[in-house]
Each structure stands twice: as C-alpha cells, then as structure tokens.
Amino acid sequence: MLQQKRWRFAILAILPTLAIFAWVRMYPIVETLRLSLHQWNILSKNKPFIGLANFRELFQDQLFLNALTNTSIIAFGVVILTVPTAMVIAGLIHHRTHSRFSGFYETSVFIPHVVSLVPAAMAWKWIFDAKLGPLNALLEFFGIPAQAWLFDPVLSVICIIVLCSWQALGYAVLIYLVGFKNLPVSLFEAAKLDGASGVQRFWHVSVPMLKPITLYVSVVTLISGFNVYAQAFVLASDSQGAPGRQVRVLVLDMLENSFRNYRVGYAASEAVVLLAIVLVLTLIQFGLLREKGRK
Amino acid sequence: MKTRGKLIDFAIDVFLFCFSILMILPLVFLVSNAFKTPEEIVAWPPRIIPSDPTLENFRSVLADTPLPLWIFNSVAFSTLSMVAIVMTSAIAGYVLAKFPFRSLNIIFILILATAIVPFEVYMIPLYFQAQALGVLNSLWGLLLGYLVMSFGIFLIRQNVMHSIPDELLEAARIDGAGEFWIFWRIVLPLLRGALGALAVLAFFQAWTSFAWPMIVTTTRNSYTIEVGLALFQTGFTVDLGRLSAASAAVLVPSITLFVILRRNFVQGVASTGMKE
Amino acid sequence: MRAYRSSNTKSGSTSFTARVAALSLGAAITAISGSAFAQTINVWSGYPEMAPFYEHVAEGLKEKYPDLTVNVEAIALREHEKRIALGLTSGSAGVTVIELAGSTASRYIENDLLPAAPEAVANFVTSSDNFGEFFVDAASKNGTVYGVPLFRGQGALFYNVDMFEAAGLKEPPQTMEAYTEYAEKLTQRDADGKATVSGWSLRLSGGGQGIAEKFWINLFQYGGSVIEEVSEGKWQANYANEAGRKALKQYLENVHVLKTVTPEMPADAEAFERGQTAMFIRESWVIADIAAKAPDLNYATAPLPVGSIALPANLYVNSVEGEDAEAAWAYVQAANDPENLVWLLDNIGWLPNRSGVDYGVVTEKVPAYGAFVDYPADYKFFTLPAIGPIEEVLTRLAAQLTNAYGDASLAEDDAAIDAVLAKAAEETNNILKREGLLAE
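Which chain is which? The protein sequence lines are G, F and R, in order.
Counted from 1, the first sequence has number 373 at position 46 by my numbering; the numbering is strictly sequential.
Counted from 1, the second sequence has number 1028 at position 225 by my numbering; the numbering is strictly sequential.
Counted from 1, the third sequence has number 185 at position 159 by my numbering; the numbering is strictly sequential.
And the structure:
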C-alpha cells in the first residue's frame, strides 16, 4: 500500500519530464532513423521508402566523403593538440595551486570555452587574415613568408583545428585539474623519497594514474570535434571582401542537403552515419575502461 | 635545493602567465578592433592598442542592427532553457535516485542511452516538429531544442545518491510528510549547490548554441546574438570594425558573468568529468 | 563596343499609355478591397539592400490602404530561400509577397505551392507594352502567369579608369583573351613581384554556388554553359568541352602562371571600392554601392564580350483569396509603378525589367548604367534553368572548381583540365539523372 503510493508519486513526478524527453529527444531520434530510409524531399508530396539507397549514394558522394574526411581530421587533430597540452598545463597549474595567480590561470584558460562561438571565431578570422592579420605580421617579423591561412586547402583545415583546440582546451584542463586533485598524495611522497624529479613524477606517476581521465577527455573532445559546424561556417562565411575557403564538415553538408537541396531523407542518413561514429567511439571508451578495471 | 625549487616555480609561473595571456589574446584583439577607425583596421602591422580610439563602430552597429533585441532573445532563451532544465533535472534526478522501481530503471537506461546522441543528429526532425507546432522564429521554437538535458538528470541523480541519506527521507515520512513536501522542503535545499552548477552550465549551453538557432530563426527580429552576428557579415560588405564592435558588445558582458559565476561553473563542468 | 565613361545620350521617350494602364489597373484592384480593415501582408526578399525599396513601395500604398501594415523582411539570399521552402510547405507564412527567381519558383509551382496570378495581374504581365518575352517566360510556367517580373541581376565589367590610364589602356577589353592581357598589365606588384592590387578580381573561394555562377559567366563568353537543355525538359552538362577548358584555363593561368590574382586577396565590390583590384564582373547594384561607399572612385563599366547572365527576380504571392491577398497583389502591382522603378534604379541599383519606363533620369546622371541597358544588338543573355536541382548542381560544381583553382599543376596541362571537367560533368549528369532530367 505504502509502496504503491510511493510508486504513484514517482511516476506522477517523472511523467512531465519523461513526456518532454520522449517528445523532443526520443521521437526525433527515431524519426531520423526512419527518414534515412526514405526519399524524403521537402517539396514533393511523394516520399517513398527506398531502403538503404541513401546510404549507398552517400558513399559515392564526393562532397560527403570530403566532409567526412575533413571532419575526422579536425576531430582527431583537435584531440592530438588539446589532450597533451591540457595535461601539461593542468599539471603545472596544479603544481602552482598556491600561487596567487592560479585563479587567473584557470580563468583565462577556461574563458575561450564559454565565450560565444561566433565572436570568438571572428577574432580568429582576423588573426588568420592574410592581409591584415597579426599572425602573418608575426611570421614576417621572423622572416617567414606570409601564408594564405584561410584559403589553402591544408592550412584552412589547420585553422579550424587551432580554433577548436583553443576552445576545447579549457574544458580538458579543468577535468584534468580535478583528476590531479584526486590523485593520492602518498604515491607522490613515495616517488619523491625515491628521488624522482618533478618531470619523472609527472611522467611515471601522474600520466598512468590519469589514464581514465585522458580517455574520457579524448572521447568527449573527439565527439564534439565531429559536431564542428559554427567554426567552419564563420571562418568561410560569405562576406564579400574575402570569403575563406569553405571547409566542408559533416553538419554543414547535412544542413545543406536538408535545407538547400531539400533532401531531408538524405541528410538524415548522414546524421545516422554521424550517430554511428559517435556510438563506436563511446563503445571503445567503455571497452577500454572496463579492460582497465579488470587488470 | 630550496632556491632551485623556487626558481623552477618562478619559471613555471612565467610560462603559465604567458600561456594565459596567449589564450585571451584573440579576445583582446577583438575588443581592440572594436575601437579602431576604418583606416587603422587596415593598417599594417596591426596594433593592439588603438592609437585613435573611436566609438563610431558601436554607434553604427546599434543603428544598423537590432543588436539589443538579439541580446534580449539570447538572454530570454538561455534563461528559460536554464529554468526548464533545472526543473526537469531536479525532479527526474531525485525520483530516479530514490525510488527503486524496475519501471524507473528502464526510464533511466533510456535517458542514459540517448545522452550520447549528439544534438546535430536529430535536429532536423526536431525542426519539423517545431514547424508543425508553428513555433519557428520564436522563443518557444528555440526552447524546444533545449528543454531537457540528459546529463543534468544524471548529475542530479548522482548528487542525490551521494548527499541525501535514505534515513533522512524515511524520518520525514514517519513524521507524516507528504512526498511532494519532502522533495520541496528537504531535497531541493540540499541540492542547492548541484542545481546552481547545473543552472550555470545550462545557461551557457543555450547561450553558445549555434546550429539550432541558425535553422529555427529566419527573421531578423528572432535571431539570437550568435546567429545575428554570424549572418551580419553574410549580407553585403561589412567592415571589420563594426563586426568587432558587435562581437565585443556581446563578449564583455558574457565574460563578466562567467567570472562572477566561475565557482559554480567550474564545479558544474568538473562534475561532467565524473560520469564513468 | 563602347565604354560608358562619359554620359551618352539616350532616347527619353516615356510610354505614357503604359503608365496610365498601370495606374488604372492598380485603381481597379484597390477598388475591390478599398474598404478593408486592418490588414497585414509580409514582403520577403533575398536581398538586404532591397529593403528600402519595398518600404518605399509600401509608403506609396498608404494612401489607398491606410490600414495596411507591410512587414518587409529582407535577409541574405540563402536564408531567404530556406524560409520560402519551409514557409510554403507548411502553409504557415500568412499572406506574403515573395521575391524569387523564376528558376527557383518553378519547383514550388510544380508542387502547387504557389498560385497563378489573378487575371488582371496576368494581363498586365503579358501585355507586350510592359515586359519583354524573356521576362514573361521567367514569370510563367506552361503559359500561365504566376508572378510579376520586377528586377534582374545582370553582369557587366567594372573597371578602374585611373588604373587603366596608368597601365596605358584606353578602352575596356573586347575579348576574353584580352581580359587576361589586361589583367597582367593592370596587376600592381611589390618589390618581390607579389601582387598587391589584382588585375582582375575572380571569385575563387567562399561557400556555395556563387563560384559556379561566376564561372558560368566566363564560360558563356566562350560559348559553353553549365547545363544545356537538349530536348524538352531534358538537360546535360555542357562544360566538359573546349569552352570549359578555355574558361577554367583562364582562371588557372591568372592565378598560378601570371599571378594576377590570388585567392586571399581582397575581392569583389569591396576590393574595387578600396582600389585593391582594377576590374571585375558584377551586377548593377555595385553602382549604387560605390555611390554610397566610395563616391570619388573614378570607374566605368562595359558590356561583356559575348553576353551576360540575366537573373530575373519576380514577385509572387502565396495566396489569391481574401482581402489580404488582394492587397498583396496590389502591392506587387505598385512595385512596378514607373515612379517606384525609377526610384529602385536610382537608389538601389538593381535593374528594373519593365519596358516603356523612362529610366533616362537615372542613366543620364550615372553613365555607368549604360553598359547594362544599352548593349550591342547581338548581345546574348542566359539565365539559370528552372529545374529543381539547379542549386545542387551549382554547389557541387563550385566544390570541384574550388579544388581546381587551387591546383597549380593543372595550369599548363590541358589533359588534366579535361579530366577535372569530365569528372565534374559526370557528377552534374548524375544529379540530373537522379531527378529524371538527364538527356540520354
């Protein structure tokens, strides 16, 4: 009787949330899967089921493959740049926890993560600008010829990686800081007694101990890297003066297919590919974590 | 030995200091450009401090664009999203933590499973839902994408499990307290810290959202600040000074807000790393 | 071919009858709905700079419709097209006057999403006093009139007279080959030989179909086109050929061999206004843009060697029933009043399509318009085909072109250029095939 009353409260309390959740989350996810199997064009009335034809077309679609490659390069590039840097910076900040500047370090490393994407991307667009940007001014100061950062096919991808890393770094540093704080002090004391230097302690104690955190940060960064959109949009946006090279990324290709070519079903199949990638990455993360737990 | 240690510490401080400056330098440039005259913006090499600061850029941006309206849209959207997420997460997190029924477990697994699906994957169908509801180009349309947060539910659930002992709830029940009263009077006050962190997190999540507002809003008056700024330059020739002025006008308050709320924020973000 | 440097005389005949006809028609339409209560119509435009014009038209309509509220929403073209697609399919738009290229409108018409124009409006459009056949066709589908022509995007060469004189060039280039020669002479370089002012600004980067459209304009001068209608309703890529090779090679030659322009150099109207490029091809709105932003610029315009793109924009209304719809059609009509059209040309710089209106007041004041309205008799025009996937075709071609422009190894290798074009054309044809539009 009491159990039942409690159950009733629980269900009633969670029902509104659950309803919203089903409506704005689960339904559209299922709908994405459904649409991906249809030739679903915004304008045409006839929206037939076509099985896996969208997916077959996808893997012959130059733009999609290009987008997939770019996005993967960006995502992995960001991880490679961000994770080691974050670990070192977090280690140093942790080491200087009692410095009167530690708050300043933490804040300024973290600010790029919270500022609005678009203004930040605009700042970078100017920095990379071939004619006016300070980056080329700096290069020329050192006698290196100026580069067409936003126009070269390789450099323009690098620009996006730099921009994304700049934004992702703060989050990674923060997570690492928590990790450092939770490391058992006794281990360091022992290593210190053994005569290990600061660098040795970092390399032989902190890095292995922080492995789960590294894994977590890598996967989170990777996944958000696969969702990159605003950065590519702003860096190449169509201002008349000097539009940059359009680095095609998955989300951009998806939105273009859906709202420009009106092929919603096709765009949905791209979304499903994105979902599959994210799922695989997450499963790998879980797998590695479990393996670690068993050892 | 000791002096050597101090020297190293000093070197680390210098390095970290330079690195921190480097991290905020792009934003400093942006703010500085906002005060430059058109001639100075194209001057080579670029200068950090404008030699002839002007407010002209701000004036013309305010005259040409509904910037205050965009900021209002963003603030309203972020605030409403924050309220919705805090409310749904608090209730659901509490129920999922303290009511061990099998049916609820299934719900929890469902929520957890969808948590990893990126927003970008399902935003197109969600868009058509917004269209069917007739809420495009409105605050409600924006809000539709940001009503719940899987991670928020998860965060509150963990918090309830760790910080609210079953005995406390049982004691209240024995005293004859109703379930709702318990939630309102006992659970919520104890969750204040976690909810604060979640609130800040939710607010900034909506504040920095881009893809969703970009597709939901197509009228100038319904843009959020992010979309407004991004599309500002796709129209006809816009000079960098005005663009920077608009950007700076948005950046400065949001950074200030962040610095004020830093502790909450750091706590919230740090807790995201703890889900394993 | 002439250069429009000094003011040229133009016949100043006003078609009085056309004006009377328009006025009486407008009056007839307003008479039906004159007693309306508070009414609201929207006007959607894809050109932000057109907003003052639409406001101006609304202002003029105040007298007849004192209670009419007109919401003008002029946003960037891509966003505009998106909202049309979504607004029309959901029927959520309310009574709206929609400015749209005929080529884009056709797919809405095919799906019954845009109604045919009321009879009185259709008669106005088809009257040969008012519009040339080209424009009537662009506003119709299968002989039925759906929209009312308003203005067109037409290209011409803009060149900096001072720079031409400094380079010893007396008149604008007459052939495409001459464009390259001119570009070389006009490029200004620093001590290291790097271009500081581009000789001929080309569209080499950016997102979307703009790159392909600009390429098409050059291609057209060589006798090619991106897609060509082979038989009724069946199309084919038409650039994997000599014309395509010449057009692409000219881009590559300028970028990689002669280095008269680079992708990262400031480009387009903005660069021209700042004296960062000597010449470029663009639509007439640049004239008004220059007048506003660089009034002291000493420039002139000239027709292109063979012909130009002409993209007619028409006004459509998403409804024909009810008082709001009547007001909307009256608005469309009013937009074509001679007074408003002259205002449009004078203040915005887009070319009105209606004939029989005396634009002399503007064209005599601003001789640069000459190249747009007073072109050689054999001047040819092309427009974007009215087929559904045209944007996809152009977007995908643009991606291929961007890659090609960046590939220095192509510049002197005809076989490689042909291979690039063949690959792109195959992609184009595949899209056409998918939509059942490919000519076999």
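Don't be surprised by glycine CBs; every beta carbon is placed ideally from N, CA and C.
In the DSSP assignment, find the alpha helix (DSSP H) that holds Phe437/G and state where it starts and stops.
Residues Ser429 to Val441.
Please list, in chain order, the chain G residues whose beta carbon lies closer than 8 Å to that of Leu1046/F.
By Cβ distance, chain G contributes Met449.
Return no unless some Cβ of chain G is closer than 8 Å to the Cβ of Gly948/F.
True, the Cβ-Cβ gap to chain G drops below 8 Å.
Could you name the residues of the same chain whose beta carbon sits closer than 6 Å to that of Asn97/R, not counting the 5 residues immediately before and after it, in chain order?
Hits under 6 Å: Asn68.
Check the Cβ of Asn554/G against every Cβ in chain R and list those closer than 8 Å, keeping chain order.
Chain R residues near Asn554/G: none, gap ~19 Å exceeds 8 Å.
Name the chain G residues that come within less than 8 Å of Gly181/R, Cβ to Cβ?
Near Gly181/R there are no residues of chain G at all, since even the closest Cβ is about 15 Å away, more than 8 Å.
Give me the Cα-Cα distance between Val1003/F and Ala437/R, rounded to the nearest whole angstrom.
Distance between the alpha carbons of Val1003/F and Ala437/R: 55 Å.
Show which residues of chain F have a CB atom less than 9 Å away from the CB atom of Arg109/R.
Correct list: Leu939, Asn940, Thr1021 and Thr1022.
Per DSSP, what kind of secondary structure is Thr1027/F in: helix, strand or coil?
Reduced to three states, the DSSP call for Thr1027/F is coil.
Show which residues of chain R have a CB atom less than 9 Å away from the CB atom of Leu1034/F.
Within 9 Å Cβ-Cβ: Ile101, Ala102 and Glu105.
For Met414/G, which residues from the same chain have a beta carbon less than 6 Å from its beta carbon, with the 5 sequence-adjacent residues on both sides left out?
Within the same chain, Met414/G has close Cβ partners Tyr503.
Can you pull the chain G residues whose beta carbon is under 9 Å from the beta carbon of Ile1028/F, in chain order?
The contacting residues are Ser443, Val445 and Pro446.
Cβ closer than 8 Å: which chain G residues qualify as neighbours of Glu453/R?
Simply Gln389.
Look at the alpha carbon of Ile407/G and the alpha carbon of Glu203/R, and state the distance between them as a whole number of angstroms.
Their backbone Cα atoms lie some 49 Å apart in a straight line.
Return the first residue and the last residue of the alpha helix (DSSP H) that Glu159/R is part of.
Looking at the DSSP string, the run of the alpha helix (DSSP H) that includes Glu159/R is Glu159 to Ala164.
For Arg1080/F, which residues in chain G fall below 7 Å Cβ to Cβ?
This structure does not reach residue 1080/F, given that chain F is present from 804 up to 1079, and the question cannot be answered.
Just how far apart, CA to CA, sit Leu514/G and Phe507/G?
Taking the straight line from one Cα to the other gives about 12 Å.
Please report the residue range of the beta strand (DSSP E) in which Phe177/R lies.
That run of the beta strand (DSSP E) goes Val174 to Asn186.
Verify whether the separation of the beta carbon atoms of Pro849/F and Ala464/G is less than 8 Å.
Going by C-beta atoms, Pro849/F is nearer than 8 Å to Ala464/G.
Quick one: using the 10 Å Cβ neighbour count with 16 as the cut-off for buried, is Arg308/R buried or exposed?
Arg308/R comes out buried.
Would you say the stretch 991-999 of chain F touches the stretch 949-962 of chain F, given that touching needs at least three Cβ pairs under 8 Å?
Segments in contact, yes.
Closer than 6 Å by C-beta to Val834/F: which residues in its own chain qualify, once you throw out the five before and the five after it? Chain order, please.
Hits under 6 Å: Ala1051.
Between which residues of its own chain and Leu395/G is the CB-CB distance below 8 Å, once the five residues before and five after are set aside?
Hits under 8 Å: Leu577 and Val600.
Taking the alpha carbon of Ala499/G as the reference point, which residue from Val546/G, Ala450/G and Val605/G has its own alpha carbon closest?
Looking at the Cα atoms, Val546/G is the closest of the given residues.
Tell me, please, whether the CB atom of Leu477/G is closer than 8 Å to any CB atom in chain R?
Output row for Leu477/G: interface = yes.
Would a C-beta distance cut-off of 8 Å place Asp163/R and Gly382/R closer than the cut-off?
Cβ distance not < 8 Å, so Asp163/R and Gly382/R don't count as in contact.
Determine the DSSP secondary structure at Leu858/F, reduced to helix, strand or coil.
Note: Leu858/F maps to coil in three-state DSSP.
When we look at the beta-carbon of Ser906/F and count the other beta-carbons within 10 Å, is it buried (16 or more) or exposed?
Classification for Ser906/F: exposed.
What number of angstroms, rounded off, separates the C-alpha of Thr56/R from the C-alpha of Leu139/R?
In this prediction, Thr56/R has a pLDDT of 44, which is less than 50 and means its spatial position is unreliable; what the coordinates show is noted afterwards. In a straight line, the C-alpha of Thr56/R is about 25 Å away from that of Leu139/R.
How about Ala192/R and Thr286/R: are their beta carbons less than 8 Å apart?
Cβ distance not < 8 Å, so Ala192/R and Thr286/R don't count as in contact.
Straight-line CA distance for Thr1059/F to Val864/F?
Their Cα atoms are separated by approximately 22 Å.
Quick one: what does DSSP say Glu843/F is sitting in, helix, strand or coil?
In this structure, Glu843/F counts as helix in the three-state DSSP scheme.
What is the DSSP secondary structure of Gln262/R, reduced to helix, strand or coil?
Correct three-state label for Gln262/R: strand.
May I ask you to list, following chain order, the residues of the stretch 121-137 of chain R that have a beta carbon less than 9 Å from some beta carbon of chain G?
Answer in chain order: Arg133, Tyr134, Glu136 and Asn137.
So for Met202/R, helix, strand or coil by DSSP?
Correct three-state label for Met202/R: helix.
Confirm, please, whether the CB-CB distance from Ser884/F to Ala1033/F is below 8 Å.
Cβ atoms of Ala1033/F and Ser884/F: not closer than 8 Å.
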